[in-house]
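Down below is the structure, laid out as structure tokens.
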Amino acid sequence: MSNQKKRNFQIEAFKHRVVVDPKYAERTWKIIEHAIHEIYNHNASGLSFEELYRNAYNMVLHKFGDKLYSGLVTTMSAHLKEISKSIQVAQGALFLEELNRKWNDHNKALQMIRDILMYMDRTYIPNTRKTPVHELGLNLWRDYIIHSGKIQSRLLSTLLELVHKERTGEVIDRGLMRNIIKMLMDLGSSVYQEDFEKPFLEVSAEFYKVESQKFIECCDCGDYLKKAEIRLNEEIERVAHYLDVKSEAKITNVVEKEMIANHMTRLVQMENSGLVNMLLNDKYEDLGKMYNLFKRVPNGLSMIRDVMTSHLRETGRQLVTDVESSKDPVEFVQRLLDERDKYDKIICQAFSNSKTFQNALNSSFEYFINLNSRSPEFISLFVDDKLRKGLKGVTEEDVEIILDKVMMLFRYLREKDVFEKYYKQHLAKRLLLGKTVCDDAERSLIVKLKTECGYQFTSKLEGMFTDMKTSEDTMQGFYANHPELADGPTLVVQVLTTGSWPTQPTITCNLPTEMATLCEKFRSHYLGTHTGRRLSWQTNMGTADIKATFGKGQKHELNVSTYQMCVLMLFNNSDMLSYKEIEQATEIPTSDLKRCLQSMACVKGKNVLRKEPMSKDIGTDDAFFVNDKFTSKFYKVKIGTVVAQKESEPEKLETRQRVEEDRKPQIEAAVVRIMKSRRVLDHNNVIAEVTKQLQSRFLANPTEIKKRIESLIEREFLERDSADRKVYRYLA
Amino acid sequence: MPPRASKRKSVPPNSSTVTSSDGRSVSNKAKTKGMEKIDRLFNTYANSSLGMIDPEGIEALCADLGVDYTDVRILMLAWKLKSEKQGYFTREEWQTGLKALGVDSLSKLKKALPELEKEVEKPSNYEDFYTYAFRYCLTEEKQKSVDIESICELLNLVLGVQFRPQVDSLVEYLKIQNDYKVINADQWINFLRFCKEISFPDLRNYDANQAWPLILDNFVEWMREKQS
Numbered sequence: 001m002s003n004q005k006k007r008n009f010q011i012e013a014f015k016h017r018v019v020v021d022p023k024y025a026e027r028t029w030k031i032i033e034h035a036i037h038e039i040y041n042h043n044a045s046g047l048s049f050e051e052l053y054r055n056a057y058n059m060v061l062h063k064f065g066d067k068l069y070s071g072l073v074t075t076m077s078a079h080l081k082e083i084s085k086s087i088q089v090a091q092g093a094l095f096l097e098e099l100n101r102k103w104n105d106h107n108k109a110l111q112m113i114r115d116i117l118m119y120m121d122r123t124y125i126p127n128t129r130k131t132p133v134h135e136l137g138l139n140l141w142r143d144y145i146i147h148s149g150k151i152q153s154r155l156l157s158t159l160l161e162l163v164h165k166e167r168t169g170e171v172i173d174r175g176l177m178r179n180i181i182k183m184l185m186d187l188g189s190s191v192y193q194e195d196f197e198k199p200f201l202e203v204s205a206e207f208y209k210v211e212s213q214k215f216i217e218c219c220d221c222g223d224y225l226k227k228a229e230i231r232l233n234e235e236i237e238r239v240a241h242y243l244d245v246k247s248e249a250k251i252t253n254v255v256e257k258e259m260i261a262n263h264m265t266r267l268v269q270m271e272n273s274g275l276v277n278m279l280l281n282d283k284y285e286d287l288g289k290m291y292n293l294f295k296r297v298p299n300g301l302s303m304i305r306d307v308m309t310s311h312l313r314e315t316g317r318q319l320v321t322d323v324e325s326s327k328d329p330v331e332f333v334q335r336l337l338d339e340r341d342k343y344d345k346i347i348c349q350a351f352s353n354s355k356t357f358q359n360a361l362n363s364s365f366e367y368f369i370n371l372n373s374r375s376p377e378f379i380s381l382f383v384d385d386k387l388r389k390g391l392k393g394v395t396e397e398d399v400e401i402i403l404d405k406v407m408m409l410f411r412y413l414r415e416k417d418v419f420e421k422y423y424k425q426h427l428a429k430r431l432l433l434g435k436t437v438c439d440d441a442e443r444s445l446i447v448k449l450k451t452e453c454g455y456q457f458t459s460k461l462e463g464m465f466t467d468m469k470t471s472e473d474t475m476q477g478f479y480a481n482h483p484e485l486a487d488g489p490t491l492v493v494q495v496l497t498t499g500s501w502p503t504q505p506t507i508t509c510n511l512p513t514e515m516a517t518l519c520e521k522f523r524s525h526y527l528g529t530h531t532g533r534r535l536s537w538q539t540n541m542g543t544a545d546i547k548a549t550f551g552k553g554q555k556h557e558l559n560v561s562t563y564q565m566c567v568l569m570l571f572n573n574s575d576m577l578s579y580k581e582i583e584q585a586t587e588i589p590t591s592d593l594k595r596c597l598q599s600m601a602c603v604k605g606k607n608v609l610r611k612e613p614m615s616k617d618i619g620t621d622d623a624f625f626v627n628d629k630f631t632s633k634f635y636k637v638k639i640g641t642v643v644a645q646k647e648s649e650p651e652k653l654e655t656r657q658r659v660e661e662d663r664k665p666q667i668e669a670a671v672v673r674i675m676k677s678r679r680v681l682d683h684n685n686v687i688a689e690v691t692k693q694l695q696s697r698f699l700a701n702p703t704e705i706k707k708r709i710e711s712l713i714e715r716e717f718l719e720r721d722s723a724d725r726k727v728y729r730y731l732a
Numbered sequence: 001m002p003p004r005a006s007k008r009k010s011v012p013p014n015s016s017t018v019t020s021s022d023g024r025s026v027s028n029k030a031k032t033k034g035m036e037k038i039d040r041l042f043n044t045y046a047n048s049s050l051g052m053i054d055p056e057g058i059e060a061l062c063a064d065l066g067v068d069y070t071d072v073r074i075l076m077l078a079w080k081l082k083s084e085k086q087g088y089f090t091r092e093e094w095q096t097g098l099k100a101l102g103v104d105s106l107s108k109l110k111k112a113l114p115e116l117e118k119e120v121e122k123p124s125n126y127e128d129f130y131t132y133a134f135r136y137c138l139t140e141e142k143q144k145s146v147d148i149e150s151i152c153e154l155l156n157l158v159l160g161v162q163f164r165p166q167v168d169s170l171v172e173y174l175k176i177q178n179d180y181k182v183i184n185a186d187q188w189i190n191f192l193r194f195c196k197e198i199s200f201p202d203l204r205n206y207d208a209n210q211a212w213p214l215i216l217d218n219f220v221e222w223m224r225e226k227q228s
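Now the structure itself:
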């Protein structure tokens, strides 16, 4: 097929002119107009769709689109005017029904009309940019019906009245409402908003304003919240049933504002039923309601949080400054733990475990725990009590739980170094007197402290445990090497590394001869294997078990302190001893001696000694005898174990002084560290950095830091900058 | 040891009959002559065995100058001489100092004192003089601080004229406080700064958060308590 001249195919339009009958347009229009009438009169069944479509098509084709369109507008408008009248005369409840019915009719008619005029819709209308048929139908409906003077306001007030009825508990025709609302929505979002939604929101606001005022006057907080919640849910349900889904947020905002936001303060502060009352009485349900409702309004949760915080701080402050509860440290700490548990539960159950609430809880505890400067000591005493006896019969998991709770309190302490000091003291007593009930629990707590505070905090504590273990081994070695001593009194020595244990003054006393020689043997044995070390006997910390036979032959085993042992052994050689003789022979310091004698002569059930005169206090002229009439139900009698006590005032001052002394080198080290790395730094920044560095151990006092800086300047570690005296320089 | 010659006698004012020449316009010959005079003056007061003027000599000098031994002008003189050891002037110090003053006789020295005062009070010199005053009190080797009593006297002497109210209050405070038994150089220099910078007695612009020494923080607190 090559070389053939291509012939282009062409399709040509009709060349002949169709004769247009001038009356053609009018005639055709009339047919369609008639059809429209019939449609509106529910008489559409007799019409031929094909014929009507063709007629409409032809009109458009022959350029009579304008006539068709304007005719449509006129006809439809006329019908709608009629419809409008019929709706207007409807009475009462029939109004809406009539409206609804006519709307449905109109839609059906519109659809048919649109189908008939589809060609116009698709060609004429886009070309002329006129409104499409369907939309036109809606707009006309809107203009002639909805916005007609007689209908517009009546429609709105009817709708609002129905809503109001429903709010007051009556049942309404929800289906009808839904249809009417849907009609408004179909007419365009601005119709829905202007003709219904806006007024609806205004009226609702007014309604809830009144209602909330009524409720708040007569209800208590819990009831009010319940009612508010019910109303809120009602509105949400209403929207779901017959309003535009976009209205939900708007109406809930109205309810939230009127019922909650406007009355927030009053609710929270209601006497006998407000937030504080709920907290005190663990009203989880009410608290939960409050939380969920207040969550919806701005500042709602922060208000709850603030009230909770200030209440908690006040309660806590009273707790820790209460003189009564300070008398029993274990009780003191237990009450703190209970308070924390209580609020933990509240936050978990009612406040959906919110982190911000947890933080508020923590900061409150941190605030008031540190109001009592003895908190570190008391917490250590609490732990001491538990580790001594309180954990018998408690499962391992429960032990962990208790210790974890204690750790939580520990974290709140600002003066962690004070806690360390006390803990060391108490631990030392526990270890040396063999008072630990549960070794695992002890270790577990050390591990927790290490995780929290680092290796340095616990290295000495761990050293104490190591010493105990090593001493056991040493004793075994000692007796293995000296089998001849197996028959004599049994010696148990704990060798303590000085740095790890709390510092004690080394005061010795005169031991009975048998013990003295035994101790010497031990010393030589020990120093034989550990040259270069120095041993000092701490006679104020030891114990002894001695067998005693009394006047009527009654035998008892007495568990006493070393001092007490020294005193009692003297009576093997004398029947009577005066105070002065005892003092001379034993060389025990006065106050200790008095305490020791008092515990053996003046305490009922432990009076292995008899004193003349029989007064309560020990006088320097008193005389002592063995109490031959001593009786006890038990064979083994424990006299004068020194329990870790709450410190007396002078002891407390001493400990605090030691803590302050220990802090000075720590502050200096921090200053030097910082200055060494920064070289030049101004005063305020030095204070800030030092405080930050020491935060994990204690809260450094700016005045104390200043003192240390001045001391460092004097010792020429630092100097002031010559130009700006607020700036320090590091002197290498 | 040869007996110390009595220096109490006032030296015959032969130096005053020397034609007064003010230091600037002397010829070379006159210069050397001037140095001789300075030397001679030195010898009249010096302890011959020590080779320098000792406290007794200074006392004599003071008497001749008509100035009290404890007068601040002697301290100023020591400063001018850059004297290292309290109570002693070495020959070098004497020579350099008097030359700097432009005097070679006792009467000239006496006349030069008011000018010396003015020179010390110049802002550029004053701080130096003030610091010198403290150092001058460190009589022992390795001594870093001065006792409170002496400090009080020194404050009176050095700052008393210019800052009378501050010195009075400060001295009162130093005497009754117990925190510090001695004052170190850092604290000393800050006393001056305090007087110069802080409005008194209202202490309005004193801020304890600045790096003032703690002793001044305490002083201000004490003052404020007294005032309320």
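Sequences listed follow chains A and B, in order. Quick note on numbering: the first sequence equals residues 1 to 732 in the UniProt record's numbering. Quick note on numbering: the second sequence equals residues 1 to 228 in the UniProt record's numbering. Virtual Cβ for every residue (Gly too), placed ideally from N, Cα, C. Since this is a predicted model, take the numbers as computed values, not measurements.
Given this structure, state the Cα-to-Cα distance separating residue i from residue j, to the nearest angstrom.
i              : j              : result
I31 (chain A)  : Y242 (chain A) : 41 Å
L99 (chain A)  : I87 (chain A)  : 6 Å
I618 (chain A) : Q598 (chain A) : 7 Å
V643 (chain A) : N573 (chain A) : Residue confidence is low: V643 (chain A) scores 48 on pLDDT, short of 50, so the model does not pin down where it sits. Its coordinate-derived value is still stated next. Looking at the two C-alpha atoms, the distance is approximately 31 Å.
D186 (chain A) : M59 (chain A)  : 30 Å
V220 (chain B) : S228 (chain B) : 12 Å
D286 (chain A) : M278 (chain A) : 7 Å
E719 (chain A) : V268 (chain A) : 57 Å
E115 (chain B) : V671 (chain A) : 47 Å
Are the C-beta atoms of residue i and some chain B residue less than 8 Å apart?
i              : result
N684 (chain A) : yes
I674 (chain A) : no
I713 (chain A) : yes
K386 (chain A) : no
L726 (chain A) : Here residue 726 (chain A) turns out to be Lys, not Leu, going by the sequence shown. Yes, contact with chain B.
Indicate the three-state DSSP secondary structure (helix, strand or coil) for residue i in the structure shown.
i              : result
N205 (chain B) : coil
V406 (chain A) : helix
F89 (chain B)  : strand
S25 (chain B)  : Confidence at S25 (chain B) is low in this model, with a pLDDT of 48, below 50, so its placement is unreliable and the value that follows should be read with caution. It is helical.
S615 (chain A) : coil
K226 (chain B) : helix
L192 (chain B) : helix
K198 (chain A) : helix
K327 (chain A) : coil
K81 (chain A)  : helix
Is the shortest distance between the beta-carbon of residue i and the beta-carbons of chain A less than 8 Å?
i              : result
N125 (chain B) : no
Q166 (chain B) : no
Q177 (chain B) : no
Q210 (chain B) : yes
L216 (chain B) : no
R193 (chain B) : yes
Taking the DSSP output, what are the residues bridged to residue i?
i              : result
I546 (chain A) : A:L558
I183 (chain B) : B:V146
R729 (chain A) : A:V680 and A:E719
L609 (chain A) : A:V626
M59 (chain A)  : None, per the DSSP bridge assignment.
N47 (chain B)  : B:M52
M576 (chain A) : A:F625
By the 9 Å beta-carbon criterion, what residues does the region 139 to 154 of chain B contribute toward chain A?
Going along the region 139 to 154 of chain B in chain order, one finds K144 and S145 with a Cβ nearer than 9 Å to chain A.
Note down, in chain order, all residues in the region 690 to 724 of chain A with a beta-carbon under 7 Å from any beta-carbon belonging to chain B.
Taking 7 Å as the upper bound on Cβ-Cβ separation, chain B lies near residues T703, K706, K707, E710, I713, E714 and R720 of the region 690 to 724 of chain A.
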